[in-house]
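Read through the structure below, which is laid out as structure tokens, and then see the notes.
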Amino acid sequence: MLSERRLEVLRAIVQDYVGTEEPVGSKALTERHRLGVSPATVRNDMALLEEEGYIAQPHTSAGRIPTDKGYRLFVDKLAGVKPLSSPERRAIQNFLDGAVDLDDVVGRTVRLLAQLTRQVAVVQYPSLTRSTVRHVELLSLAPARLMLVLITDTGRVEQRLIDCPSPFGETSLADLRARLNSRVVGRRFTDVPPLVQDLPESFEAEDRGTVSTVLATLLETLVEEAEERLMIGGTANLTRFGHDFPLTIRPVLEALEEQVVLLKLLGEANESGMAVRIGHENAYEGLNSTSVVSVGYGSGGEAVAKLGVVGPTRMDYPGTMGAVRAVARYVGQILAES
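Per our numbering, the very first residue in the sequence shown carries number 77; after that it's consecutive.
The following block contains the structure:
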């Protein structure tokens, strides 16, 4: 365990390096921070921190910079989540309140996160598997063609065209719509299949084929694998941090193009707590020079998806964690009210 003084020295090194982008020396530390000890003592503390792997010396500089291990200790022990100011919170609320639908909510959230943190923002769409049915609409487009519209509690809307085996009248359509909604509204997607399996038998023989087709389309929509959608924004922010990446930002950009990689970075959507993955904690090699701050969002205290930011390990962790948490909270409120 490090002594309190050495923890304070590490905190000062992280704060100065994040703020100045320059390796930090003992003289600068004693001038900028009230550490209560001489530069010689600080030098000894820095030597021990380096020996234990919390800081390192760049090849040409007399100063030191934090390592992944140093940032990890800073985040776990030393960094509180910086609360947003009242004007910042009002700006978030006003910007997100103007959203007209789920796509707009996600799009605005990505832009907002990228602007607040000056990093790359990633927002996962609410997952269908953790959603409940708000309404099922059936519309007649032609005598033997229907449109099914599935609306979820998170505001997600899925539309499917259905070609019926035979013409389906308006009376039968209204009957199916009413019976379907009475069984599935408010239910988890995973609970729906057994609730509707006997529905065709309650219709006249000539309508059963169409009812079965509608149900098959509905169930396919509920379990569709291609549901994990993401939106990403602020990639251009990485160009401001060119010197933070060892050789080039190309591996980072390539990783950000891989949706599977980003989903793994964000973590499981049902993990609602804040997660910070630093440098080599990211399994994907191209992102070893980055950190990822993510958190779950949703309504009713249950996470339905994740959002977060990707940036260099030299990151303002308290400020970034505060922004990510605040935005997630507002998005959850919007979903609850939508």
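A virtual CB, placed ideally from N, CA and C, is assigned to each residue, including glycine. These numbers come from a predicted model, not from an experiment.
By a beta-carbon distance limit of 8 angstroms, M397 contacts V369. Their separation comes to about 6 angstroms. Counted as a single uninterrupted DSSP element, the stretch harbouring P219 is not any alpha helix (DSSP H), since DSSP gives it neither H nor E.
With fewer than 16 other Cβ atoms from the protein chains shown falling within 10 Å of its own Cβ, S114 counts as exposed.
Restricted to the stretch 227-253, not a single alpha helix (DSSP H) segment is unbroken, complete and at least 4 residues in length. Note on the stretch 110-167: whole alpha helix (DSSP H) runs with a minimum of 4 residues are 115-127, 144-149, in chain order. For A190, the enclosing alpha helix (DSSP H) begins and ends at 178-193.
Rounded to whole angstroms, the separation of the alpha carbons of L383 and V186 is 9 angstroms.
In this chain, the beta strand (DSSP E) harbouring G387 covers 381-388.
E378 and P327 have their C-alpha atoms roughly 34 angstroms apart.
Minimum Cα-Cα distance from R148 among the listed residues V371, A351, G374 corresponds to A351. Residue burial annotation: P163 is exposed, with fewer than 16 other C-beta atoms found within 10 angstroms of its C-beta. Exclusion of the five residues before and after A132 leaves E126, R140, I141, T143 as the residues of its chain whose Cβ lies within less than 7 angstroms of its Cβ. Here T247 is exposed, its C-beta having fewer than 16 other C-beta atoms within 10 Å. Its chain contains M307 as the residues whose beta carbon lies nearer than 7 angstroms to that of G183, once the 5 sequence neighbours on both sides are disregarded; these appear in chain order. P159 counts as exposed, since fewer than 16 other C-beta atoms from the protein chains shown sit within 10 angstroms of its C-beta. G174 sits in coil when the DSSP states are folded into three classes, being neither helix nor strand. Ranked by Cα distance from L329, the first of G387, R253, E357, G129 is G387. Between R194 and L178, the alpha-carbon positions lie close to 24 angstroms from each other. With a cut-off of 8 angstroms on Cβ pairs, the stretch 81-95 is in contact with the stretch 107-123, counting three or more such pairs. Closest by C-alpha distance to R401, out of R316, L339, L188, is L188.
The beta carbon of G112 is closer than 7 angstroms to none in its chain, skipping five residues each way along the sequence. About 5 angstroms separates the beta carbons of R210 and I227, which is inside the 8 angstroms limit, making them a contact pair.
For I89, DSSP assigns no beta-bridge partner whatsoever. Look at I325 here: in three-state DSSP terms it is coil, with no helix or strand label. Taken through DSSP and simplified to helix, strand or coil, E277 comes out as helix. Inter-residue distance for E357 and L332 is about 16 angstroms (C-alpha atoms, whole angstroms). Between A404 and F317, the alpha-carbon positions lie close to 25 angstroms from each other. Here F150 has L86, R87, V90, P142, Y393 as same chain residues with Cβ atoms under 8 angstroms from its own Cβ, once five neighbours each way along the sequence are excluded.
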